[in-house]
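Working notes, structure below.
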Amino acid sequence: MPFDWLTSSHFVMVGLLIGFAIAHSGLAALRPFGEKRIGARLYRVLFALVSLPLATVLIVYFINHRYDGLRLWNVQGVPGVDVAVWVLSGISFIFLYPATFNLLEIAAIQKPQVHLFESGIIRITRHPQMVGQVIWCIAHTLWLGTTFMVVTSIGLILHHVFGVWHGDRRLSARYGEAFEAVKARTSIVPFGACLRGQQSLKFSEFLRPAYAGIAVFVLLLWWAHPLLISSTQRVGW
Numbered sequence: 331m332p333f334d335w336l337t338s339s340h341f342v343m344v345g346l347l348i349g350f351a352i353a354h355s356g357l358a359a360l361r362p363f364g365e366k367r368i369g370a371r372l373y374r375v376l377f378a379l380v381s382l383p384l385a386t387v388l389i390v391y392f393i394n395h396r397y398d399g400l401r402l403w404n405v406q407g408v409p410g411v412d413v414a415v416w417v418l419s420g421i422s423f424i425f426l427y428p429a430t431f432n433l434l435e436i437a438a439i440q441k442p443q444v445h446l447f448e449s450g451i452i453r454i455t456r457h458p459q460m461v462g463q464v465i466w467c468i469a470h471t472l473w474l475g476t477t478f479m480v481v482t483s484i485g486l487i488l489h490h491v492f493g494v495w496h497g498d499r500r501l502s503a504r505y506g507e508a509f510e511a512v513k514a515r516t517s518i519v520p521f522g523a524c525l526r527g528q529q530s531l532k533f534s535e536f537l538r539p540a541y542a543g544i545a546v547f548v549l550l551l552w553w554a555h556p557l558l559i560s561s562t563q564r565v566g567w
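Using this note's numbering, read the sequence shown as starting at 331 and increasing by one per residue.
Okay, here's the thing in structure tokens:
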């Protein structure tokens, strides 16, 4: 059969991604309404109680089925590819950094707030999490080369592209002209505003403990990667 490679796991992953996107983006859209009703801290806890279990299921299912489907290419034995994948993964976490800058808010210890930044990584791109996710997807698609990974990457990227529009819309509704001014001085495409002469990188803004935390996290992830994979394989999903 020509489509024997098209396993049910492809469709399960699509469903999981859609479910996570609806829950995550839906709760983000309802944040102003929810915070007025139950408060910012309790809404952050609710957001975490919904998002984290869904994300955990996604990660476990992805790891256990990452080699499903058709193998489109295999470059794992090519010298330097493994290093390139790890370097790209490290860079992706640098762009995914914003959540690390307000850990007390993430944990609802401090009152969660919506921030309007125009410094550090935001000078490179207004949506660093989207850029980081795209880089992560490129690295892992290169390494795995399976149709399952391609489907996963497409789903993740589409969710983050939607998040670009959705995030700008929410910030515009909250900050109005102040956000429109920031939007005009920044860019979605990495280094776009720099090339237009509207931004210049200030390396002092990158000298923050969070970046050291990212470096430690990547090193720990590299060390624990085999353990993470072996642990998830014990789950029968």
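For glycine and all other residues, C-beta sits at the position ideal for the given N, C-alpha and C. All figures in this text were calculated on a predicted structure; none of them were measured in a lab.
Q | Distance between N404 and D412 (C-alpha atoms, nearest Å) | A | Here residue 412 is taken as the residue at index 82 of the sequence shown, counted from 1. Here residue 404 is taken as the residue at index 74 of the sequence shown, counted from 1. For D412 and N404, the distance between alpha carbons rounds to 12 angstroms.
Q) On the premise that F492 lies in contact with L501, defined as a C-beta separation below 8 angstroms, what is that separation, rounded to the nearest angstrom? A) Residue mapping note: residue 501 aligns to position 171 of the sequence shown, counting from 1. Residue mapping note: residue 492 aligns to position 162 of the sequence shown, counting from 1. 15 angstroms between Cβ atoms; not a contact.
Q) Shortest alpha-carbon distance to A414 belongs to which of L472, I518, A385 and V390? A) As a first step, residue 414 is located in the sequence shown; it is residue number 84 there, counting from the start. Taking only the C-alpha atoms, the option nearest A414 is L472.
Q. Between L418 and A358, is the Cβ-Cβ spacing less than 7 angstroms?
A. On the sequence shown, position 88 is the one that residue 418 refers to. On the sequence shown, position 28 is the one that residue 358 refers to. No, Cβ-Cβ distance for L418 and A358 is not below 7 angstroms.
Q) So which of Q528, P520 and C524 has the shortest CA-CA distance to A511? A) By 1-based counting over the sequence shown, the position of residue 511 is 181. The option with the nearest alpha carbon to A511 is Q528.
**Q.** L402 beta carbon less than 7 angstroms from that of G475
**A.** As a position in the sequence shown, residue 475 is number 145, starting the count at 1. As a position in the sequence shown, residue 402 is number 72, starting the count at 1. In terms of Cβ geometry, G475 and L402 form a close pair [threshold 7 angstroms].
Q. Thinking just about the alpha-carbon of each residue, which of F533, L558, L537 and P332 is nearest to the one in G399?
A. Within the sequence shown, residue 399 is the residue found at index 69, counting from 1. Comparing Cα positions, the closest option is P332.
Q: Compare the C-alpha of I424 against each of P458, S449 and Q406 and name the closest.
A: For the purposes of this step, residue 424 is identified with residue 94 of the sequence shown, where counting begins at 1. For the options P458, S449 and Q406, the alpha carbon positioned closest to that of I424 is the one of P458.
Q. In or out: I389 buried (at least 16 other Cβ within 10 Å) or exposed?
A. Indexing the sequence shown from 1 puts residue 389 at position 59. It is exposed - the Cβ of I389 has fewer than 16 other Cβ atoms within 10 Å.
(Q) By DSSP's criteria, R401 is part of a beta bridge. Which residues make up the other side? (A) Within the sequence shown, the letter at position 71 stands for residue 401. In the DSSP output, where bridge partners are listed per residue, R401 has T476.
Q) Under a Cβ-count criterion, where at least 16 other Cβ atoms within 10 Å of its own Cβ denotes burial, should T386 be classed as buried or exposed? A) Along the sequence shown, read from residue 1 onward, the residue named residue 386 stands at position 56. When all chains shown are included, T386 counts as exposed.
Q. Should Y373 go down as buried or exposed, given a rule of 16 or more other Cβ atoms within 10 Å for buried?
A. Residue 373 sits at position 43 when you count from the first residue of the sequence shown. Classification of Y373: buried, given that the 10 Å Cβ count is 16 or more.
Q) Which one of Y505, F377, I452 and D498 has the shortest CA to CA distance from F533? A) Here residue 533 corresponds to residue number 203 of the sequence shown, with the count starting at 1. Nearest C-alpha to F533: I452.
(Q) Applying the 10 Å Cβ sphere with the 16-neighbour rule, what's the burial state of Q463? (A) The sequence position of residue 463 within the sequence shown is 133, counting from 1. Around the Cβ of Q463, a 10 Å sphere holds 16 or more other Cβ atoms; the residue is buried.
Q: Using 10 angstroms around the beta-carbon of I559, count the other beta-carbons present and answer buried if the total reaches 16, otherwise exposed.
A: Here residue 559 refers to the residue found at position 229 when the sequence shown is read from its first residue. Answer is exposed; the Cβ neighbour count stays below 16.
Q: Tell me whether the beta-carbon of V380 lies closer than 7 angstroms to the beta-carbon of A353.
A: Residue numbering aside, residue 380 sits at position 50 when the sequence shown is read from its first letter. Residue numbering aside, residue 353 sits at position 23 when the sequence shown is read from its first letter. Yes, these two residues count as a Cβ contact at 7 angstroms.
Q: Just the C-alpha distance for A345 and L488, rounded to the nearest angstrom, thanks.
A: By 1-based counting over the sequence shown, the position of residue 345 is 15. By 1-based counting over the sequence shown, the position of residue 488 is 158. In the sequence as presented, Ala is not what sits at residue 345; that position holds Gly. Rounded to whole angstroms, G345 to L488 spans 14 angstroms at the Cα level.
Q: Go ahead and label I439 buried or exposed: buried means 16 or more other beta carbons lie within 10 angstroms of its beta carbon, across all protein chains shown.
A: The residue labelled residue 439 in the question sits at position 109 within the sequence shown. Confidence in I439 is poor, its pLDDT being 45 and thus under 50, which makes the residue's placement too unreliable to answer from.
Q) Excluding the five sequence neighbours on either side, which residues of its own chain have a C-beta within less than 7 angstroms of the C-beta of R361, listed in chain order? A) The count along the sequence shown starts at 1 and reaches residue 361 at position 31. So the qualifying residues of the chain are Y373.
Q: For A437, collect the residues of the same chain with a Cβ closer than 7 angstroms to its Cβ; drop the 5 residues on either side in sequence, then sort them by chain order.
A: The sequence position of residue 437 within the sequence shown is 107, counting from 1. Note that A437 has pLDDT 44, beneath the 50 cutoff, so the model's placement of it is unreliable and no number is given.
Q | 6 angstroms CB neighbourhood of G364 in its chain, flanking five on each side removed | A | On the sequence shown, position 34 is the one that residue 364 refers to. Hits under 6 angstroms: Y373.
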